[in-house]
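Just so we're aligned, residue 1 is where the sequence shown starts under the UniProt record's numbering, counting upward by one. Even for Gly, the Cβ is constructed at its ideal location relative to N, Cα and C. Quantities reported herein were computed from a predicted structural model and do not represent experimental measurements. I have placed the structure first, in the form of structure tokens, so that the comments after it can refer back to it.
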Amino acid sequence: MADVVTDFSAPMTSGQTFQLSGRPARYTVLFFYPKDNTPGCTTENVAFRDLYPQFQAAGTEIYGISRDSLRSHEGFRAKLGLPFELISDPEEKVCEQFGVMKMKQMYGKTVRGIERSTFVIDATGQLVKEWRGVKVAGHVDEVLEFVTRQA
């Protein structure tokens, strides 16, 4: 795999801007999810929240990304007590870069949306692992196991 991820920046919660280059963490986890305040996305964010200390111990930073607005993200983050920042990508620039926009079936209709996906990038900007079409159950444990195995 070992593709170099093209540097990008995007607005994120806490009034900050995410910049891929210069991340001091050993690993950066970017997890793309469809929408704030929906059951699967809430479950996934809570799972990352609950294991956050273990990710930190493995030298790993976590960032959630969706097309929601910063205002939506701030409310979602506060409601769930998330210790990590959420990146807002309403113009789908980051989503397109990672190829996560897909046609999906939702309530019998075909809609264009984010395919739940997770990417692990090392400190040199190399993509070291990716999961696409993620099912929430057990996924965060799998990501944690991967980064701790690399440590």
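- A straight-line Cα-Cα distance of about 19 angstroms links Glu92 and Gln105.
- Judged by beta-carbon spacing, Lys129 lies beyond the 7 angstroms limit of Glu115, meaning their Cβ atoms are not closer than that value.
- In this structure, Ile87 and Val5 do not form a Cβ contact; the two beta carbons are roughly 14 angstroms apart against a cut-off of 8 angstroms.
- A distance below 8 angstroms between beta-carbons, with the five flanking residues on each side excluded, links Pro11 to the following residues of its chain, in chain order: Thr17, Phe18, Leu70, Ile87 and Ser88.
- At a cut-off of 3 residues, the continuous stretches assigned as beta strand (DSSP E) that sit fully inside the UniProt domain "Thioredoxin" (1-151) are 9-12, 16-19, 27-32, 60-66, 85-88, 101-106, 109-114, 117-122 and 126-131.
- Taking C-alpha positions only, Glu44 is separated from His139 by approximately 8 angstroms.
- With a threshold of 16 other beta carbon atoms within 10 Å, Gly15 falls short and is exposed.
- If you ignore the 5 residues before and after Asn37, its C-beta comes within less than 7 angstroms of the C-beta of Phe76, all in its own chain and listed in chain order.
- Closest in C-alpha terms to Lys35, from the list Asp68, Val136, Glu61 and Phe48, comes Asp68.
- Rounded to the nearest whole angstrom, the CA to CA distance from Gln126 to Gly40 is 28 angstroms.
- Only buried fits Tyr27, as 16 or more other CB atoms lie within 10 angstroms of its CB.
- Sixteen is the threshold: since fewer than 16 other Cβ atoms of the shown chains lie within 10 Å of the Cβ of Tyr107, the residue is exposed.
- A Cβ-Cβ distance of about 6 angstroms is found for the pair Val29 and Val143, placing them in contact under the 8 angstroms criterion.
- About 5 angstroms separates the Cβ atoms of Thr118 and Trp131, confirming a contact at the 8 angstroms cut-off.
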